[in-house]
Ligand code: BES
Ligand code: MN
Ligand code: MN
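Residue numbers (the working numbering): 419 to 873.
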């Protein structure tokens with residue numbers, strides 16, 4: 419382990435420089451204008467993986483963006499760790515709110531600013547560098563396989579088929595993922611839960627064409643007004659979602675479990691100050707920690723229709739649209755929730771409107787146990803490098819493929835992330851701390867070390 423750690427110290431600057439190169443390639447999976455760049459990113463990554471010492475590095479074509487894989491199998495008697503990450507990033511817009519261009523990374527005040535710096539290029543590249551260090555030092559203690567996809571931010575639609583098809587090649591004892599956060603740089607934590615997701619787009623149609631808002635105004639259903647009414651009715655005054663059956667399968671936590679999770683350090687004042695809001699708002703009877711982890715949500719992510727150009731145009735739109743996400747908790751099922759939403763939303767369409775609900779991607783929630791070799795190995799590794807035992811905590815975000823690792827590969831996942839909630843992932847000015855990047859690279863080899871001992 420000493421050799422690995424000194425290799426990491428000696429090569430720290432190069433590790434940062436390489437990450438900056440990675441961040442310069444705009445791998446925006448959602449936007450086909452970036453398809454060539456996204457492919458170039460996969461090729462760049464495959465090159466780095468080979469250079470780090472991995473065998474059999476390959477780029478697999480899918481119906482979407484390619485998957486990059488590789489491995490180092492040292493001894494069939496040793497446990498096998500499958501490292502998963504995603505090289506795709508969210509669209510960078512709104513561009514005008516970035517203080518430096520999203521794909522021209524800069525280092526400022528100890529942070530790397532760029533789209534993907536934290537989510538997930540910076541975090542996944544820590545694994546490539548930790549592997550390189552273990553490999554170069556002759557201290558790799560487990561077999562390792564790599565699985566890097568380019569479609570996480572668009573729902574991992576092609577990865578499920580790939581997992582099924584390559585289940586044998588991907589056989590492993592544990593999946594290791596760095597794509598989540600710690601509570602803060604002095605308070606390490608391990609993510610033990612992710613929410614699921616049901617995502618839909620709705621289209622509301624009123625009259626067959628845009629109309630003069632004076633001639634027809636007041637006489638027909640305005641689809642934007644109707645859509646607003648429909649959306650407003652989806653929650654009651656207690657912040658409870660009104661879709662019949664929505665809460666039927668929601669896991670109810672014990673009083674003890676809820677008390678324990680609320681022990682985690684959290685300062686409501688700091689939270690509000692950071693967001694420049696004078697109050698939080700959510701489901702009655704739950705704390706902010708609970709609202710963002712063990713409770714399901716329904717939120718409009720985008721809404722459009724009618725005239726939004728300069729000046730005023732007096733027009734009744736023919737159509738209105740919204741994109742809506744529902745975050746799910748154990749034991750809700752995303753297909754079932756999507757169906758409940760669809761039935762309900764269509765049933766509340768006001769007279770004179772037509773409603774179409776188009777389901778998008780989804781994903782199932784997960785909770786991971788803490789009494790396992792993999793959790794303990796991660797906890798010991800973080801304890802080693804942070805000097806403090808990590809706190810188990812549930813995250814509000816989703817990584818759809820994690821539930822499928824368990825279903826298809828029968829492998830548990832350890833979510834050992836190093837980001838911060840304040841890293842602006844999916845927002846302008848995304849960043850990742852140099853402290854976090856180096857800390858991650860330093861911690862990962864300890865995971866391998868302890869996992870071999872405990873397994
Ligand atoms: N890395 C995030 C998920 C995340 C963020 C988990 C912070 C825990 C803490 C991931 O890249 C992500 O953004 N997932 C999407 C999934 C969706 C596109 C299917 C999400 O949560 O919106
Ligand atoms: Mn991510
Ligand atoms: Mn993301």
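Virtual Cβ for every residue (Gly too), placed ideally from N, Cα, C.
Considering only the beta carbon of each residue, do residue i and residue j sit closer than 7 Å?
i	j	result
residue 710	residue 814	yes
residue 486	residue 594	no
residue 835	residue 597	yes
residue 539	residue 433	no
residue 830	residue 802	no
residue 561	residue 477	no
residue 786	residue 670	no
residue 504	residue 567	yes
residue 872	residue 794	yes
residue 569	residue 447	yes
residue 770	residue 631	no
residue 599	residue 837	yes
By the three-class DSSP mapping on this structure, what secondary structure does residue i have?
i	result
residue 850	strand
residue 838	coil
residue 719	strand
residue 670	coil
residue 561	strand
residue 861	helix
residue 555	coil
residue 706	helix
residue 827	helix
residue 844	coil
residue 601	coil
residue 856	helix
residue 712	coil
residue 430	helix
residue 567	strand
residue 726	coil
Closest to residue i by CA distance: which of the options is it?
i	options	result
residue 849	839, 458, 501	839
residue 467	855, 870, 549	549
residue 832	846, 808, 479	808
residue 648	431, 775, 471, 487	775
residue 536	670, 844, 745	844
residue 430	693, 858, 620, 670	858
residue 531	460, 656, 583, 439	439
residue 735	746, 824, 628	628
residue 739	757, 763, 584, 806	763
residue 685	506, 745, 698, 754	698
residue 788	765, 572, 810	810
residue 765	842, 645, 869	645
residue 617	472, 754, 824	754
residue 721	621, 706, 559	621
residue 817	824, 798, 781	781
What's the gap between the Cα of residue i and the Cα of residue j?
i	j	result
residue 714	residue 613	8 Å
residue 496	residue 552	15 Å
residue 716	residue 820	22 Å
residue 847	residue 524	11 Å
residue 588	residue 827	7 Å
residue 654	residue 700	11 Å
residue 556	residue 542	22 Å
residue 704	residue 619	28 Å
residue 712	residue 657	15 Å
residue 605	residue 517	29 Å
residue 768	residue 641	9 Å
residue 420	residue 526	31 Å
residue 513	residue 520	8 Å
residue 582	residue 480	13 Å
residue 506	residue 636	47 Å
If you measure from the beta carbon of residue i to each beta carbon in chain D, is any gap under 7 Å?
i	result
residue 540	The structure shown contains no chain D; it holds only a single protein chain.
| Uninterrupted beta strand (DSSP E) stretches inside the region 483 to 553 (no shorter than 3 residues) | 485 to 490, 498 to 504, 524 to 526, 529 to 531
| task | Only counting runs of 4 or more residues, tell me where the alpha helix (DSSP H) segments fall wholly within the region 729 to 807, in order along the chain. | result | 752 to 765, 791 to 804
| task | Could you tell me which uninterrupted alpha helix (DSSP H) segments, each at least 4 residues in length, are contained entirely in the region 611 to 672, listed from first to last along the chain? | result | 641 to 650
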